[in-house]
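Single-structure report; data block below.
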Amino acid sequence: MTPRYDKLLVLDLDETLIYATRRPEAVSRTPEAEIDGYSVYRRPHLDSFLGAMFEWFRVGIWTSSGAGYAADMIDWLGVGPQLEFMMSLPHCEPWFDPESARWVASKPIATLVRMGFAPAGILVVDDTPRKLRYDYTHLVPILPFTGQRHDEELKALLWFLESLGRETDVRPISKRGWRPHAEFE
3 MTPRYDKLLV
13 LDLDETLIYA
23 TRRPEAVSRT
33 PEAEIDGYSV
43 YRRPHLDSFL
53 GAMFEWFRVG
63 IWTSSGAGYA
73 ADMIDWLGVG
83 PQLEFMMSLP
93 HCEPWFDPES
103 ARWVASKPIA
113 TLVRMGFAPA
123 GILVVDDTPR
133 KLRYDYTHLV
143 PILPFTGQRH
153 DEELKALLWF
163 LESLGRETDV
173 RPISKRGWRP
183 HAEFE
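Now the structure itself:
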């Protein structure tokens, strides 16, 4: 099926689409799965969100987690065959963040451009904006998901992503304020 829009949507995995923890007692609901020693929770509205995204865009997953872990989570979600790609930690670029005094696994858009994707049509939904430190024009920030039962981020994001799909070039459009009440890094 050809997507409605000529855009690539790159989705982060952890705390964007799912939450995986080794301490399920810290979450006030029952895990949906146990995978590789992690208790795993889908973000509310995930299935309908992904259904719309696969209809509208070419979709890839780019996580700073390990490849085996990422593959197991994608298998559990059942979306592997629909993805353009799945990239993990080896595809990230290490960058020292002086503000946090920590190393960050950044996700340079240049990697996607080298894969043949047009810069004007790349969108990245991620809960950690500093991972796109030089590429904020592609970032659609989302609040982190930590297993809570009532979370409306994905449902609320639908209208904004669809509006970006209609644009010729997504880069000049501000994406930080898509949710007026949200606070992002």
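By the numbering used here, the letter at position 84 of the sequence shown is numbered 86, and the numbering carries on one by one without gaps.
Built from N, CA and C at the ideal position, the CB exists for glycine as well.
Contact annotation: L11 and V81 have beta-carbon atoms that are not nearer than 8 Å. M89 carries a strand assignment under DSSP once its states are collapsed to helix, strand and coil. Look at S41 here: in three-state DSSP terms it is strand.
For F98, the uninterrupted beta strand (DSSP E) segment begins and ends at E95 to D99. A contact is defined here as three or more CB-CB pairs under 8 Å, and the segment 129 to 137 meets this definition with respect to the segment 95 to 112. Unbroken beta strand (DSSP E) runs of no fewer than 3 residues, entirely contained in the segment 47 to 91, are found at 60 to 64, following chain order. Rounded to the nearest angstrom, the gap between the Cα atoms of Q84 and F56 is 7 Å. Take the alpha-carbon of F162 and the one of D129: they are about 16 Å apart. Boundaries of the alpha helix (DSSP H) harbouring V115: I111 to R116, taken from the DSSP string. If you draw a straight line from the Cα of Y21 to the Cα of F147, it is about 6 Å long. Excluding its 5 nearest sequence neighbours in each direction, D16 has C-beta neighbours in its own chain below 7 Å: A22, T65 and S67, listed in chain order.
A Cβ-Cβ distance of about 16 Å is found for the pair I124 and M88, leaving them out of contact under the 8 Å criterion. For the 8 Å CB-CB criterion, P33 and H152 do not form a contact. Rounded to the nearest whole angstrom, the C-alpha separation of I37 and M75 is 8 Å.
Counting along the chain, the unbroken beta strand (DSSP E) around A22 starts and ends at I20 to T23. In the structure shown, E169 adopts coil according to DSSP, grouped into three states.
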